[in-house]
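First comes the structure, then the notes that go with it.
2 protein chains.
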Amino acid sequence: MTEKIIALSKLVEQGIHQFELPIKPNNLYDPLRYFMTLGGKRIRPVLSLMGAKLFNAPAENVLHVSIGVELFHNFTLIHDDIMDAAPLRRAKETVHSKWNENIAILSGDVLMVKAYEEICKQKPEDLPELLTLFNRTAIEVCEGQQMDMDFEERDDVSITEYIEMIRLKTSVLLGCSLEMGAIVAKANKADREKLYSFGQELGIAFQIKDDILDLYGDPKKFGKQIGGDVMANKKTLLYLLAREAANKDQMDQFDALEKDIDSTRKVATVRALFDELGVQEKAKSTMELHRKNAMKSLNEINVPEEQKTDLRELADYLMNREN
Amino acid sequence: MTEKIIALSKLVEQGIHQFELPIKPNNLYDPLRYFMTLGGKRIRPVLSLMGAKLFNAPAENVLHVSIGVELFHNFTLIHDDIMDAAPLRRAKETVHSKWNENIAILSGDVLMVKAYEEICKQKPEDLPELLTLFNRTAIEVCEGQQMDMDFEERDDVSITEYIEMIRLKTSVLLGCSLEMGAIVAKANKADREKLYSFGQELGIAFQIKDDILDLYGDPKKFGKQIGGDVMANKKTLLYLLAREAANKDQMDQFDALEKDIDSTRKVATVRALFDELGVQEKAKSTMELHRKNAMKSLNEINVPEEQKTDLRELADYLMNREN
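Heads up: the sequence lines are chains A and B, in that order. Under the working numbering, think of the first position of the first sequence as 294, with each following residue one higher. Under the working numbering, think of the first position of the second sequence as 294, with each following residue one higher.
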């Protein structure tokens, strides 16, 4: 990460640290205190700060929005972890594992309200535009999560559908975080829309990067077990590209591998098949396409080039990261 | 119900009927279409309309708020039903029974956002006050639900704690629904606060009425099985009043009855013990206390008496209802 990004992350971390939750009922708020300090990249709040700075507004003016989007993101993680029956998040116990499902449902619910409460601390004049965008985005994130769950039950998911799913589940919140910063900075509608597109396209590229890292990351740098998606038979872009290119024989091999209980062998064999089919290159070129779309939108925003440096650096960091 | 209440209920029912949800993803929105048409008393939206009318604003001005509070209430029911593992709601399958838990979690989530989206359709100038109140209330409702769950694990719940729990879980949303109507009608702060108190106290009385009806309701009119709370060993006000008054021998009988699997015998024996202890009268006098508090607040609101008729009639209806 560059110094600029680190400085903004620190501002966010400080804001989250200062964000106070009530003590009682403990079973409602202890899980949130726990979960909010598990860390993470804090990309969304940094994007809100950068969205404001791009149009010359000080980061301080958008702090509540930035905390709000991070709270919302964490709410989605707590509920997604229940739905995925995931025992771990960032190598620590998930809320429903450490407490129980009911507590995870309810503390997630109250965290979503807390996100709204934070955002509503912005200037009243900005609330209608901020909330219209945030409401739409929050709905889309739920729709993306539902599509993701539906895909688990389907064998005919197309790549177009997959991209649409990750757009909703992940990318729209990046676009929203940026644009909310731009709203506070009173940017004009055209520039705001381009900034949103930048975030949305970058988000799609970001999620594809995630899919690639999961199988092709450097085990020393990745921080998680390589091949987790393969072990869980997840329908990532890699998997869909492979199925699209596979012949009958390869298709049968994939079907057989889904039931393989030797996970080391399974990951190695799937990777060998993916390599035969050129899956990594195809995924990278899809990622590159969305990265380019993002940069095109950023280029078109009508502010001096030097004000775009932070966002270019963040995009580079997200695209070149190894974990 | 009086004609006035019926007319306002119809306006609400029409608004809910016209409220459109997207088609896809079906698994996200079908459960909501199903759940929103299960009916219910629609008390909260009617209160919003009455809150506006009390201060001479037309009901139409507050329609989005009224739909919003009903959507929010239904979100809490969907999630509460998961937490209570309840198979039925209004004699129909709950969302998690008819679909599954994941779908119930996520469709509940999106319904909460939809509630915000509706409320945000009100005039921009009213949003800061509406949302400050609504956010606080939504948080309190979650806190009340958590207290309710915590009480299930405890043997030392006091009556004061119980009243505080139902205040948060049920009553604050009634106060909020009314006050949001008053905000739209530009009522002054003092009158708004009195109206909120009216709703809050009425809500407590309303919930105690629920507890009483569950065991002492007329089986022909109640619509649900009599004694449901006793069968489920729920810590209602009746139960807490009984434990407070019971001697050692009666206490032992209660403990033994908790494990009784013959539900008819259990309900009859518990009722006989409650009668010995004068529980119904005590509960009614607690209810009456809160009803009186409510009416005192209503009396103090500075508008002509004839504008209070609707609210008086609604309070009478809620206090005298048999289901």
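All residues carry an ideal CB built from backbone N, CA and C; glycine is no exception.
Worksheet item: By a C-beta neighbour count over all protein chains shown, 10 Å radius and 16 as the cutoff for buried, is residue 316 of chain A buried or exposed?
Response: exposed
Worksheet item: Apart from the five residues just before and just after residue 484 of chain A, which ones in its own chain have a Cβ nearer than 6 Å to its Cβ?
Response: 594, 595
Item to complete: Classify residue 385 of chain B as helix, strand or coil using the three-state DSSP reduction.
Response: strand
Worksheet entry | Buried/exposed call for residue 480 of chain A, threshold 16 Cβ in 10 Å | buried
Worksheet entry | Nearest candidate by alpha-carbon position, reference residue 308 of chain A, set A:320, A:297, A:339, A:323 | A:339
Discussion item. Taking only three categories from DSSP, how would you classify residue 519 of chain A?
Written reply: coil
Worksheet item: At least one CB of chain B closer than 7 Å to the CB of residue 438 of chain A: is that the case?
Response: yes
Worksheet item: Using DSSP with H/G/I as helix, E/B as strand and the rest coil, what is residue 450 of chain A?
Response: coil
Practice prompt. Check whether the stretch 469 to 480 of chain B touches the stretch 449 to 457 of chain B, taking contact to mean three or more Cβ pairs, one atom from each stretch, closer than 8 Å.
Written response: no
Worksheet item: Can you tell which of A:597, A:560, A:549 has the C-alpha that lies nearest to the C-alpha of residue 346 of chain A?
Response: A:597
Discussion item. Can you tell me whether residue 313 of chain A is helix, strand or coil according to DSSP?
Written reply: coil
Worksheet entry | Cβ neighbours of residue 522 of chain A in the same chain (closer than 8 Å, five flanking residues each side left out) | 504, 507, 508, 529, 531, 532
Discussion item. Between A:563, A:608, A:615, A:616, which has its C-alpha nearest residue 337 of chain A's C-alpha?
Written reply: A:608
Discussion item. Taking 7 Å as the threshold (C-beta atoms), are residue 331 of chain A and residue 385 of chain A in contact?
Written reply: yes
Worksheet item: Near residue 389 of chain A, what residues of its chain come up, given a Cβ to Cβ distance below 7 Å and the 5 sequence neighbours on each side ignored?
Response: 374, 375, 397
Discussion item. What residue range does the alpha helix (DSSP H) around residue 402 of chain A cover?
Written reply: 394 to 412
Worksheet entry | Separation of residue 497 of chain A from residue 325 of chain B, as counted between CA atoms | 29 Å
Worksheet entry | Three-state class that DSSP yields for residue 579 of chain B in the structure shown | helix
Worksheet item: So residue 363 of chain B is in the alpha helix (DSSP H); what residue range does that whole segment cover?
Response: 356 to 376
Discussion item. Between residue 389 of chain A and chain B, is the shortest Cβ-Cβ distance under 7 Å, so that the two count as touching?
Written reply: no
Worksheet item: Can you tell which of B:546, B:553, B:537 has its C-alpha closest to the C-alpha of residue 576 of chain B?
Response: B:537
Worksheet entry | Residue environment, residue 516 of chain A, which counts as buried when at least 16 other CB atoms sit within 10 Å | exposed
Fill in: Same chain only: Cβ atoms within 8 Å of residue 355 of chain A, ignoring 5 sequence neighbours per side
341, 342, 344, 345, 415, 473, 474, 477, 478
Item to complete: Go ahead and pull the three-state DSSP assignment for residue 500 of chain A.
Response: helix
Practice prompt. Could you name the residues of chain A that residue 420 of chain B contacts, counting a contact when the two beta carbons are closer than 9 Å?
Written response: 413, 417, 420, 421, 424
Discussion item. Can you tell me where the alpha helix (DSSP H) holding residue 467 of chain B begins and where it ends?
Written reply: 465 to 477
Item to complete: Have a look at residue 471 of chain A and residue 433 of chain A and give me their C-alpha separation to the nearest angstrom.
Response: 16 Å
Discussion item. Using only the alpha-carbon positions, how far apart do residue 387 of chain A and residue 442 of chain A sit?
Written reply: 19 Å
Worksheet item: For residue 412 of chain B, is the classification buried or exposed, using 16 other Cβ atoms within 10 angstroms of its Cβ as the cut-off for buried?
Response: buried
Worksheet entry | Burial state of residue 464 of chain A, where buried means 16 or more other Cβ atoms lie within 10 Å | buried
Discussion item. For residue 459 of chain A and residue 559 of chain A, what's the separation of their Cα atoms in angstroms?
Written reply: 26 Å
Discussion item. Going by DSSP in three states, residue 481 of chain A sits in which element: helix, strand or coil?
Written reply: coil
Item to complete: Tell me whether residue 348 of chain B sits in a helix, a strand or coil according to DSSP, three-state version.
Response: coil
Fill in: Min CB distance residue 443 of chain B to chain A below 7 Å
yes
Practice prompt. Report buried or exposed for residue 578 of chain A, applying the criterion of at least 16 other Cβ atoms within 10 angstroms of its Cβ.
Written response: exposed
Worksheet item: Ends of the alpha helix (DSSP H) at residue 425 of chain A?
Response: 420 to 445
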